[in-house]
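Below is one structure, written out as structure tokens; comments come after it.
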Amino acid sequence: MKVLILGGTGNVGKLVIQQLLERDIEVKAIVRSSSRLPSDSVSNPKLTAIQANLLDLSVSDLASHLKGCDAVVCTLGHNMSYGRIPAIGIWLNARDLVTRATKMVCDAVKELQPEKPIHFVLLNTVGVENPDGSDTWVRSRLERGLVSFMNGVLPPYTDSVRSAKHISQEVGKKDSKYLEWVTVRPDGFIDGPVSEYKIMESIQHSFYAPDYITKANIAHFMCELLVGQQLWEQWKFKMPLIIDAKQPEKK
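When the letters of the sequence shown are read in order and numbered with the UniProt record's numbering, they come out as residues 1 to 251.
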């Protein structure tokens with residue numbers, strides 16, 4: 001198996017690479033700076049680091065990197081800082097990074113037309129509702145107002161919503177001959193080791209009572225999707241939520 005990683009220098013992406021390498025899986029990672037990858041990953045002969053700005057690549061460029069890969073994992077997120085200025089990066093950095101990356105992957109796979117479907121695992125967030133309307137949790141009027149506000153003023157949230165909508169509604173199952181996908185929605189990120197976690201189909205709580213999951217568990221679930229055919233069949237074309245089985249005590 002060979003997997004292409006987008007966002008491999010991020011908090012979750014680094015762990016995905018590490019866990020794939022531990023499983024003796026070949027990894028290609030498109031990163032802006034290979035120096036930001038952990039040294040133990042860089043020294044692993046199973047890792048090929050491709051130093052490039054993803055958004056500077058053409059769809060054909062990405063297709064060439066995808067050639068020979070069985071799967072692609074996107075853990076891209078937004079840098080909240082701009083240079084040394086904290087928070088302002090929310091507005092000054094690429095506002096549609098994840099949406100553009102998602103579209104590029106889908107277009108590149110379509111151009112490549114692989115003999116068997118490439119598996120695409122996209123990292124999203126529990127704050128985004130499934131565009132197909134399958135979430136059973138009914139948000140309160142206050143929550144709906146907050147969602148509308150965030151969608152209007154917070155580019156990272158808007159980007160998450162649009163990327164989920166693109167993969168779910170605009171791509172869906174129509175190119176399933178070439179592409180199958182899972183959009184993973186973790187709850188609040190925390191540090192910690194791999195441990196037991198729960199996988200659910202729908203949002204279970206309001207914005208004001210979050211659950212948590214370790215970044216290691218997020219990476220573990222994404223890797224399990226790639227290597228476990230039964231798990232993949234269960235969740236393909238869906239947006240599962242994941243939380244740690246044991247939650248920290250609420251203060």
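From the three backbone atoms N, C-alpha and C, an ideal C-beta is built for every residue, glycine too.
Candidates Leu231, Ala63, Lys246 and Val121, of which the one nearest Val182 by Cα: Taking the first residue of the sequence shown as 1, we reach residue 182 at position 182. Looking at the Cα atoms, Val121 is the closest of the given residues.
Please state if the CB of Ala49 and the CB of Ala29 are separated by a distance shorter than 8 Å. Start at 1 with the first residue of the sequence shown, and residue 29 comes out as number 29. Start at 1 with the first residue of the sequence shown, and residue 49 comes out as number 49. It is a contact, given that the beta carbons lie within the stated cut-off.
Mark Ala87 as exposed unless 16 or more other C-beta atoms lie within 10 angstroms of its C-beta, in which case mark it buried.
As a first step, residue 87 must be located in the sequence shown, where it is residue number 87. Here Ala87 scores only 47 on pLDDT, less than 50, and its place in the model is too uncertain to base an answer on.
Which same chain residues, not among the five before or five after His119, have their C-beta less than 7 Å away from its C-beta? On the sequence shown, position 119 is the one that residue 119 refers to. Here the set comprises Asp70, Ala71, Glu180, Leu226 and Trp232.
*With Leu6 as the anchor, note down where its beta strand (DSSP E) starts and where it stops.*
Sequence index remark: in the sequence shown, residue 6 carries index 6 (1-based). From DSSP, the beta strand (DSSP E) with Leu6 extends over Lys2 to Leu6.
Discussion item. Run through the DSSP bridge pairs and tell me what Ile242 is partnered with.
Written reply: For the purposes of this step, residue 242 is taken as residue 242 along the sequence shown, with counting starting at 1. Per DSSP, Pro186 and Ile199.
For residue 254, which option in Glu111, Ser168, Asn124 and Ala219 has the closest C-alpha, if you only look at C-alpha atoms? Past the edges of the chain, shown from 1 to 251, lies residue 254, and the structure says nothing about it.
Point to revise | DSSP-derived helix/strand/coil call for Val73 | key: As a position in the sequence shown, residue 73 is number 73, starting the count at 1. Three-state DSSP puts Val73 in a strand.
Review point. Can you name, in chain order, every residue of its own chain whose Cβ lies under 7 Å from the Cβ of Ser60, other than the five neighbours on each side?
Key: Along the sequence shown, read from residue 1 onward, the residue named residue 60 stands at position 60. Closer than 7 Å at the Cβ level, and outside the excluded window around Ser60, lie Glu111.
* Do you know offhand how far Lys165's Cα is from Thr99's? -> Sequence index remark: in the sequence shown, residue 165 carries index 165 (1-based). Sequence index remark: in the sequence shown, residue 99 carries index 99 (1-based). Computed Cα separation, rounded: 9 Å.
ask   = Could you give the distance in angstroms between the alpha-carbon of Ser160 and the alpha-carbon of Gln230?
value = Counting from 1 along the sequence shown, the entry for residue 160 is found at position 160. Counting from 1 along the sequence shown, the entry for residue 230 is found at position 230. One C-alpha to the other measures close to 27 Å.
*asked:* For a test of the three-state rule: what should DSSP assign to Gln113, helix, strand or coil?
replied: Counted from its first residue, the sequence shown places residue 113 at position 113. Of the three classes helix, strand and coil, the one that applies to Gln113 here is coil, per DSSP.
Alpha carbons only, please: which of Leu21, Asp56, Leu57 and Gly7 is nearest the one belonging to Arg36? Translated into the one-based positions of the sequence shown, residue 36 becomes position 36. Ranking Leu21, Asp56, Leu57 and Gly7 by Cα distance to Arg36 puts Gly7 first.
Quiz item: Secondary structure at Tyr212, three-state DSSP: helix, strand or coil?
Solution: Locating residue 212 in the sequence shown gives position 212, where the first residue counts as 1. Tyr212: strand per DSSP, three-state reduction.
* Asked: Where does the unbroken alpha helix (DSSP H) through Glu170 begin, and where does it stop?
  -> Indexing the sequence shown from 1 puts residue 170 at position 170. Per DSSP, Glu170 belongs to no alpha helix (DSSP H) and is neither H nor E.
Exercise. How about Leu21 and Ser41: are their beta carbons less than 8 Å apart?
Worked result: Mapped onto the sequence shown, residue 21 falls at position 21. Mapped onto the sequence shown, residue 41 falls at position 41. Yes.
Q) Under the three-state reduction of DSSP, which class applies to Pro248: helix, strand or coil? A) Along the sequence shown, read from residue 1 onward, the residue named residue 248 stands at position 248. DSSP places Pro248 in coil when its eight states are reduced to three.
If you draw a straight line from the alpha carbon of Asp96 to that of Tyr178, how long is it in whole angstroms?
The residue given as residue 96 occupies position 96 in the sequence shown. The residue given as residue 178 occupies position 178 in the sequence shown. Going from the Cα of Asp96 to the Cα of Tyr178 covers about 25 Å.
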